[in-house]
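Read in order, the letters of the sequence shown correspond to residues 1 to 310 in UniProt numbering.
Yeah, the Cβ is synthetic: ideal placement off N, Cα and C, and Gly gets one too.
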Amino acid sequence: MSEPIIRVRNVSKTFQMGGGFGQKESFEALRGISFDLHAGKTLALVGESGCGKSTVARLITKVHDVTSGEITFKGNNIDQIQSGQALREYRSNVQMVFQDPFGSLNPAHTIAHHLARPIKIHNDVAGDAQLLHRQQELLDMVELNADCLKKFPHQLSGGQRQRINLARALGVGAEMILADEPTSMLDVSIRLGVLNLMQRMKSEMGIGFLYITHDLATAHYIAEETAVMYRGQIVEWGNTRDILTNPQHPYTKLLISAVPDPDLPFSDVIRESSQYSQDAESTRLLSGRLQPDVNQVSENHFVRDWESAA
Ligand SMILES: Nc1ncnc2c1ncn2[C@@H]1O[C@H](COP(=O)(O)OP(=O)(O)O)[C@@H](O)[C@H]1O
Ligand SMILES: [Mg+2]
């Protein structure tokens, strides 16, 4: 495979929280996270709320610094990105798209305005005609009609707003998009359309994606590879198909057993693992301990050790 665009190596993040009376408490949000992100590929980072998914994205976009470990962009440690200019350039290459498609749009401005900014930052557009042409091109890329330009965010549906956010990421020339639960606030009926669009951006434009989700079932629509995360640790990772059809870790099985749709390709696994949901608390307890040992299941399928119930 090609060189990764982003490489995350053994990254840990401890948050210090100011307790009262000078006491400090610390919380280990991430413990030894490693993965690679490639152009034209999607890695799904899957796990329940609070396991550390968004923290991973915030470290990659330099909202927080790593406590230990290393994140590189095209081979260079992102710690080295210091000046405001260098940070802006980096964040143009590596864009975030968030869960709430409304939150990142200004209700007082038209879609034309929202698309003009990234275009002006990224391109030399000479004059209004060229700007309009580029705005229309971006809308076309995300399968929206040119009438959207004069509309305000509230006049669009949630799915259309999320498409605008993806168009803005394309507008600044993003190579890598970190999509943090991009469809979880959308109606079920329009989720698939947004996932399909991301799939096209990947295959036709070569954009790389980190697709963050709590919904393991959606990973197979879009992600070649999946990493399952629990309490700041990646417990199982590799080819999405292998993870979904031959899960090894009890926590992965627990996640799969929570998927309601029997028409998905891993329905047999769901039936077999129905016992896991009954034992959810003990599975969580066993899965949460720090475990350094990793076993290889197949060529691209790895699972962390876990303690079995005594
Ligand atoms: N800035 C912060 N300070 C303290 N704790 C934080 C901070 N950011 C996140 N956390 C904690 O780290 C854990 C992981 O959070 P997060 O990455 O947002 O999880 P997820 O996105 O998987 O729901 C949570 O317990 C959260 O409370
Ligand atoms: Mg989150």
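Does the count of Cβ pairs from the segment 100-119 and the segment 133-140 closer than 8 Å reach three? Yes: the two stretches touch, three or more of their Cβ pairs being nearer than 8 Å.
Which runs of the beta strand (DSSP E), 3 residues or longer, sit entirely within the segment 54-96? Counting only runs of 3 or more residues that sit fully inside the segment 54-96, the beta strand (DSSP E) segments are 68-73, in chain order.
Below 8 Å on the Cβ atoms is my contact criterion, and I expect Met198 with Leu45 to pass it. Report the Cβ-Cβ distance as a whole number of Å. Taking the sequence shown and counting its residues from 1, one reaches residue 198 at position 198. Taking the sequence shown and counting its residues from 1, one reaches residue 45 at position 45. In this structure Met198 does not touch Leu45 by the C-beta definition: roughly 14 Å separates them, more than the 8 Å allowed.
DSSP state of Val259, grouped into three classes? Within the sequence shown, the letter at position 259 stands for residue 259. Reduced to three states, the DSSP call for Val259 is coil.
Under 7 Å, do His220 and Thr240 count as touching if we go by C-beta distance? What you label residue 220 is simply residue 220 of the sequence shown in a count that begins at 1. What you label residue 240 is simply residue 240 of the sequence shown in a count that begins at 1. The Cβ atoms of His220 and Thr240 lie closer than 7 Å to each other.
In whole angstroms, give me the CA-to-CA distance for Ala223 and Tyr211. For this step, residue 223 is matched to residue 223 along the sequence shown. For this step, residue 211 is matched to residue 211 along the sequence shown. Approximately 8 Å between the Cα atoms of the pair.
What number of angstroms, rounded off, separates the C-alpha of Pro118 from the C-alpha of Ser104? If you number the sequence shown from 1, residue 118 lands on position 118. If you number the sequence shown from 1, residue 104 lands on position 104. Rounded to whole angstroms, the separation of the alpha carbons of Ser104 and Pro118 is 13 Å.
Can you list every residue whose CB sits closer than 5 Å to some heavy atom of ligand 1, going in chain order? This selection yields Phe15, Ala29, Ser49, Gly50, Cys51, Gly52, Lys53, Ser54, Thr55.
For the pair the segment 285-296 and the segment 246-256, tell me if three or more CB-CB distances fall below 8 Å. Yes, the segment 285-296 touches the segment 246-256.
Would you kindly report the start and end of the unbroken alpha helix (DSSP H) that includes Glu225? Here residue 225 refers to the residue found at position 225 of the sequence shown. Where Glu225 is concerned, there is no enclosing alpha helix (DSSP H), although the beta strand (DSSP E) around it starts and stops at 225-230.
Whole-Å CB distance - Val8 paired with Phe35, under 8 Å assumed: Against the sequence shown, residue 8 aligns to sequence position 8. Against the sequence shown, residue 35 aligns to sequence position 35. Rounded, the Cβ-Cβ distance is 5 Å, consistent with contact.
Are there 16 or more other CB atoms within 10 angstroms of the CB of Val303, so buried, or fewer, so exposed? Position 303 of the sequence shown, counted from the first residue, corresponds to residue 303. Buried, since its Cβ has 16 or more Cβ neighbours within 10 Å.
Helix, strand or coil at Val297 [DSSP, three-state]: Against the sequence shown, residue 297 aligns to sequence position 297. For Val297, the three-state secondary structure derived from DSSP is strand.
Locate the alpha helix (DSSP H) running through Ile207, then write down its first and last residues. Within the sequence shown, numbered from 1, the residue matching residue 207 stands at position 207. For Ile207, there is no enclosing alpha helix (DSSP H), as DSSP marks it with neither H nor E.
When burial is assigned at 16 or more other CB atoms within 10 Å of the CB, is Ala310 buried or exposed? To locate residue 310, count along the sequence shown from 1; it is residue 310. Any answer about Ala310 is weak, because its pLDDT of 49 lies below 50 and its placement is not dependable; what the coordinates show is given next. Here Ala310 is exposed, its C-beta having fewer than 16 other C-beta atoms within 10 Å.
Does the count of Cβ pairs from the segment 150-164 and the segment 122-130 closer than 8 Å reach three? Not touching, per the Cβ criterion.
Determine the DSSP secondary structure at Leu178, reduced to helix, strand or coil. If you number the sequence shown from 1, residue 178 lands on position 178. In the three-state DSSP reduction, Leu178 falls in the strand class (E or B).
Who are the Cβ neighbours of Asp242 in its own chain at under 8 Å, not counting the five residues just before and after it? For this step, residue 242 is matched to residue 242 along the sequence shown. Correct list, in chain order: Val297, Ser298, Asn300, His301.
Roughly how many angstroms lie between the CA atoms of Leu30 and Arg200, to the nearest whole one? Stepping through the sequence shown from its first residue, residue 30 is reached at position 30. Stepping through the sequence shown from its first residue, residue 200 is reached at position 200. When rounded, the distance between both Cα atoms is 31 Å.
Indicate the three-state DSSP secondary structure (helix, strand or coil) for Gly47 in the structure shown. Along the sequence shown, one-based indexing puts residue 47 at 47. The DSSP-derived three-state label of Gly47 is coil.
Could you check whether Val97 and Ile177 sit closer than 7 Å to each other, using their CB atoms as the reference points? Residue 177 sits at position 177 when you count from the first residue of the sequence shown. Residue 97 sits at position 97 when you count from the first residue of the sequence shown. If you check the CB distance, Ile177 and Val97 come in under 7 Å.
Going by DSSP, what residue range makes up the alpha helix (DSSP H) through Glu3? Numbered from its first residue, the sequence shown carries residue 3 at position 3. Under the DSSP assignment, Glu3 falls outside any alpha helix (DSSP H); it carries neither an H nor an E label.
By Cβ distance, which residues of its chain are closer than 8 Å to Pro107, with the 5 residues on each side in sequence left out? The residue given as residue 107 occupies position 107 in the sequence shown. Listed in chain order, the non-local C-beta contacts of Pro107 below 8 Å within the same chain comprise Phe152, Pro153, His154, local neighbours out to five positions each way being set aside.
State the DSSP-derived secondary structure class of Thr110, mapped to helix, strand or coil. Working through the sequence shown from its first residue, we reach residue 110 at position 110. Three-state result, Thr110: coil.
Ends of the beta strand (DSSP E) at Leu156? Locating residue 156 in the sequence shown gives position 156, where the first residue counts as 1. Premise fails: Leu156 is in no beta strand (DSSP E) and is neither H nor E.
Contact check, Ser83 vs Gly173, beta carbons under 7 Å: As a first step, residue 83 is located in the sequence shown; it is residue number 83 there, counting from the start. As a first step, residue 173 is located in the sequence shown; it is residue number 173 there, counting from the start. Not closer than 7 Å, so no.
Roughly how many angstroms separate the alpha carbons of Arg284 and Glu236, rounded to a whole number? For the purposes of this step, residue 284 is identified with residue 284 of the sequence shown, where counting begins at 1. For the purposes of this step, residue 236 is identified with residue 236 of the sequence shown, where counting begins at 1. Each residue's Cα considered, the two are about 14 Å apart.
Beta-carbon spacing of Asp180, Gln99 below 7 Å: Taking the first residue of the sequence shown as position 1, residue 180 is located at position 180. Taking the first residue of the sequence shown as position 1, residue 99 is located at position 99. A contact, by the Cβ cut-off of 7 Å.
Quick check on DSSP: helix, strand or coil for Gly193? By one-based count along the sequence shown, residue 193 stands at place 193. In the three-state reduction of the DSSP assignment, Gly193 falls in the helix class, which pools H, G and I.
Under the three-state DSSP convention, the category Glu307 falls into: For the purposes of this step, residue 307 is taken as the residue at position 307 of the sequence shown. Coil at Glu307, not helix or strand.
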